[in-house]
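Student: Have a look at this one.
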Amino acid sequence: MSKIVKNPVKEKIILGIDPGTSVMGYGLILVKGSKYSIIEFGVIHLKKYSDHAMKLKKIFEKITYIIETHQPDSMALEAPFFGQNVQSMLKLGRAQGVAMAAALAKEVSITEYSPKKIKQSVTGNGNASKEQVAEMLKSLLNFDEIPKLLDATDALAVALCHHFHDGRIQTKGRSGGWKSFLTENPDRIKK
2 MSKIVKNPVK EKIILGIDPG TSVMGYGLIL VKGSKYSIIE FGVIHLKKYS DHAMKLKKIF
62 EKITYIIETH QPDSMALEAP FFGQNVQSML KLGRAQGVAM AAALAKEVSI TEYSPKKIKQ
122 SVTGNGNASK EQVAEMLKSL LNFDEIPKLL DATDALAVAL CHHFHDGRIQ TKGRSGGWKS
182 FLTENPDRIK K
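Number 192 marks the last residue of the sequence shown (our numbering); no jumps.
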C-alpha cells in the first residue's frame, strides 16, 4: 500500500514599495497558495531630513532592515510617474533606485508596475483614487483601519498586484518604454 503525499502549499513573501522622497510606503504580504494576508505595512518618514543624500541613506537602511527581518522572496515597486517637474522626477528615481539597490544587495528579485496597472489589478479601475484603492485593500486584506498616509496602502497594492500577476508584467502585445508612453499620453508632449 503506497502512501499519498500531498504537495505542501508554497509560501512566499512579497515586499511592495511606493517610492517617495518625503514619505516612502512599504507593505509585506504573505501568500500561501491562492490565499494572502498582511504581514506588515507602514511608511518611512523622510521629511525631517533636509539633505537628499541623507534621505537616500535612510531609505537604503530601512529597506535593508525590512528585507533582513522578513526575508521577502520578491520586491515589487511602483514605477515613477512621469510628471511635469524634472527635479522631483530625478529625486523620485534616485529614491526608487536606492530601494532597488537594497533588494539587489540581498539578492531579492525586483519587478516594476505602472500606477495604472496596480490600480487596475486591485480595484478593476486603472484610474481609481488612492482612497478607492485603500478601501478595496481593506476589504481584500481584512484590516480594520485605513492609515492616515495612503503611501502605506499604495505599497500594499503594489505587493498584491505582483501576486496577481505572479511577477509577469502584462503589456497586451505592446512593448514598454518611451515610445509606448508617448503614444498612450499624447497630451504630455510639449510642442
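Beta carbons are placed, not taken as given, at the ideal position from N, Cα and C, and that holds for glycine.
Once DSSP output is grouped into helix, strand and coil, what is the label at G98?
Tutor: Counting from 1 along the sequence shown, the entry for residue 98 is found at position 97. Residue state, collapsed to three classes: helix.
Student: Secondary structure at W144, three-state DSSP: helix, strand or coil?
Tutor: Taking the sequence shown and counting its residues from 1, one reaches residue 144 at position 143. Strictly speaking, residue 144 in this sequence is Phe, with Trp absent from that position. Reduced to three states, the DSSP call for F144 is coil.
Student: Let me check understanding here. Comparing Cα to Cα, which of A135, S35, A156 lies closest to G21?
Tutor: On the sequence shown, position 20 is the one that residue 21 refers to. Ranking the options by Cα distance to G21, first place goes to A156.
Student: In chain order, what residues of the same chain have a beta carbon less than 7 Å from the beta carbon of P116, not counting five sequence neighbours either side?
Tutor: By one-based count along the sequence shown, residue 116 stands at place 115. Closer than 7 Å at Cβ, skipping near neighbours: E79, F82.
Student: Could you tell me if Y114 is buried or exposed, where buried requires 16 or more neighbouring beta carbons within 10 angstroms of its beta carbon?
Tutor: Stepping through the sequence shown from its first residue, residue 114 is reached at position 113. Answer is buried; the Cβ neighbour count reaches 16.
Student: Please confirm if the region 126–143 is in contact with the region 94–102, defined as three or more CB-CB distances below 8 Å between the two stretches.
Tutor: As far as the Cβ criterion goes, the region 126–143 does not touch the region 94–102, which means the pair count is below three.
Student: In the region 103–138, which residue ranges form an unbroken alpha helix (DSSP H) of at least 4 residues, counting only runs that do not cross its ends?
Tutor: Counting whole runs of 4 or more residues, the region 103–138 contains the alpha helix (DSSP H) stretches 116–124.
Student: From what residue to what residue does the alpha helix (DSSP H) around A80 run?
Tutor: Position 79 of the sequence shown, counting from 1, holds the residue named residue 80. Careful: A80 lies outside any alpha helix (DSSP H) and carries neither H nor E.
Student: Could you tell me if A54 is buried or exposed, where buried requires 16 or more neighbouring beta carbons within 10 angstroms of its beta carbon?
Tutor: Within the sequence shown, the letter at position 53 stands for residue 54. Looking at its Cβ environment, which holds fewer than 16 other Cβ atoms inside 10 Å, A54 is exposed.
Student: Look at the Cβ atom of V44, then the Cβ atom of A129, and state whether they are nearer than 8 Å.
Tutor: For the purposes of this step, residue 44 is taken as residue 43 along the sequence shown, with counting starting at 1. For the purposes of this step, residue 129 is taken as residue 128 along the sequence shown, with counting starting at 1. No. Outside cutoff.
Student: To the nearest angstrom, how far is it from the Cα of E69 to the Cα of K139?
Tutor: Against the sequence shown, residue 69 aligns to sequence position 68. Against the sequence shown, residue 139 aligns to sequence position 138. So the alpha carbons of these two residues sit roughly 27 Å apart.
Student: Give every residue of the same chain whose Cβ lies closer than 7 Å to the Cβ of R1, excluding the five residues on either side of it in the sequence, and list them in chain order.
Tutor: As shown, the chain starts at 2 and ends at 192. That puts residue 1 outside it, with no answer to give.
Student: Going by other Cβ atoms of all chains shown within 10 Å of its Cβ, with 16 needed for buried, is A106 buried or exposed?
Tutor: Translated into positions along the sequence shown, residue 106 becomes position 105. The residue is exposed, with fewer than 16 neighbouring Cβ atoms inside 10 Å.
Student: In its own chain, which residues sit with a C-beta less than 8 Å from the C-beta of I30, not counting the 5 before and 5 after it?
Tutor: As a first step, residue 30 must be located in the sequence shown, where it is residue number 29. Same-chain partners within the cutoff: I14, I15, G17, Y37, S38, I39, I40, L142, L157, A160, L161, H164.
Student: Excluding the five sequence neighbours on either side, which residues of its own chain have a C-beta within less than 7 Å of the C-beta of F144, listed in chain order?
Tutor: Taking the sequence shown and counting its residues from 1, the one referred to as residue 144 is at position 143. Once the five neighbours on either side are set aside, the close Cβ partners of F144 are I39.
Student: Give the straight-line distance between the Cα atoms of P73 and V109, rounded to the nearest whole angstrom.
Tutor: The residue given as residue 73 occupies position 72 in the sequence shown. The residue given as residue 109 occupies position 108 in the sequence shown. Going by the C-alpha atoms only, they are around 7 Å apart.
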